[in-house]
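Down below is the structure, laid out as structure tokens.
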Amino acid sequence: MCEVKKIKSAEMFPVIKEILDGGGRAWITVTGMSMYPFLREDEDSVELSSASIDTIKRGDIVLIKRVTGEYILHRVLRTEKDSFYIIGDAQQWVEGPLAPEQLVAVVTAVKRNKHQFTCQSKFWVLLVKIWINVIPLRHLFLKGIRFFAKAKKVIIHAQA
Numbered sequence: 001m002c003e004v005k006k007i008k009s010a011e012m013f014p015v016i017k018e019i020l021d022g023g024g025r026a027w028i029t030v031t032g033m034s035m036y037p038f039l040r041e042d043e044d045s046v047e048l049s050s051a052s053i054d055t056i057k058r059g060d061i062v063l064i065k066r067v068t069g070e071y072i073l074h075r076v077l078r079t080e081k082d083s084f085y086i087i088g089d090a091q092q093w094v095e096g097p098l099a100p101e102q103l104v105a106v107v108t109a110v111k112r113n114k115h116q117f118t119c120q121s122k123f124w125v126l127l128v129k130i131w132i133n134v135i136p137l138r139h140l141f142l143k144g145i146r147f148f149a150k151a152k153k154v155i156i157h158a159q160a
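Under full-length UniProt numbering, the residue at position 128 of the sequence shown is numbered 128, and the numbers go up by one with no gaps.
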């Protein structure tokens with residue numbers, strides 16, 4: 001059996017950055033709820049690859065380092081020549097402008113349960129295009145998702 005050990009991002013991400021700068025890739029487990037429903041806390045893992053402001057585009061999920069030293073995964077809303085803006089999938093406010101040196105990595109694949117898929121798959125890209133264009137309505141979609149998730153649990157519990 002494999003032991004899972006949680007370590008602080010301030011200790012882990014500098015090591016991951018070295019791996020990425022050397023052309024490698026790294027997998028991390030998602031923490032936090034800001035990327036729900038696309039990424040689920042403690043259930044999903046993401047593959048990180050190196051990135052630059054020239055290679056990221058609208059809809060990409062990126063790992064950034066805030067000026068406070070905090071590391072976060074959020075989605076690119078838009079890019080400009082020397083900056084970019086991000087937003088969490090469960091959020092309605094935009095963060096930015098962010099400097100190119102704050103960009104640590106881009107997410108290239110996601111693992112959920114026993115399934116792995118790339119962020120370039122046609123279905124994923126379609127969902128992202130829809131989600132990124134309904135920012136003012138996200139709270140309604142999230143309420144609906146939560147309602148159906150609770151209803152599913154009640155039904156399953158009633159059948160047991």
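Glycine residues also receive a C-beta, built at the ideal position from the N, C-alpha and C atoms.
- Contiguous beta strand (DSSP E) elements confined to the region 103-143 occur at 103-112, 115-118, taking only those with 3 or more residues.
- Nearest neighbour of aspartate 89 by Cα position, chosen from Arg146, Lys152, Pro37, Glu11, turns out to be Pro37.
- Aspartate 60 places its beta carbon less than 9 Å from that of cysteine 119.
- Selection Lys57, Ser50, Gly32 evaluated against lysine 129 yields Lys57 as nearest (Cα-Cα).
- Excluding the 5 residues flanking it on each side, phenylalanine 13 has same chain C-beta neighbours closer than 6 Å at Tyr71, in chain order.
- Note that the region 33-51 touches the region 101-121; at least 3 beta-carbon pairs, one per stretch, sit closer than 8 Å.
- Under the three-state reduction of DSSP output, isoleucine 56 falls in the coil class, being neither helix nor strand.
- Put simply, of Val67, Gly69, Ile86 the residue whose alpha carbon is nearest the alpha carbon of arginine 75 is Ile86.
- Residue nearest to glutamate 101 within the set Gln159, Ile28, Val62 is Val62 (criterion: CA-CA distance).
- Under the three-state reduction of DSSP, lysine 65 is assigned to strand.
- Cβ contact annotation for glycine 96 (same chain, cutoff 7 Å, sequence separation greater than five): Ser83, Phe84, Tyr85, Ile86, in chain order.
- With respect to the 9 Å criterion, serine 34 and glutamine 91 are classified as neighbours on the basis of their beta carbons.
- The straight-line gap separating the alpha-carbon atoms of valine 15 and isoleucine 135 is approximately 34 Å.
- Where proline 14 is concerned, the enclosing alpha helix (DSSP H) starts and stops at 9-21.
- A distance below 8 Å between beta-carbons, with the five flanking residues on each side excluded, links leucine 98 to the following residues of its chain, in chain order: Ile64, Ser83, Phe84, Tyr85, Ile86.
- Per DSSP, the beta bridge partners of serine 45 are Thr29, Lys111.
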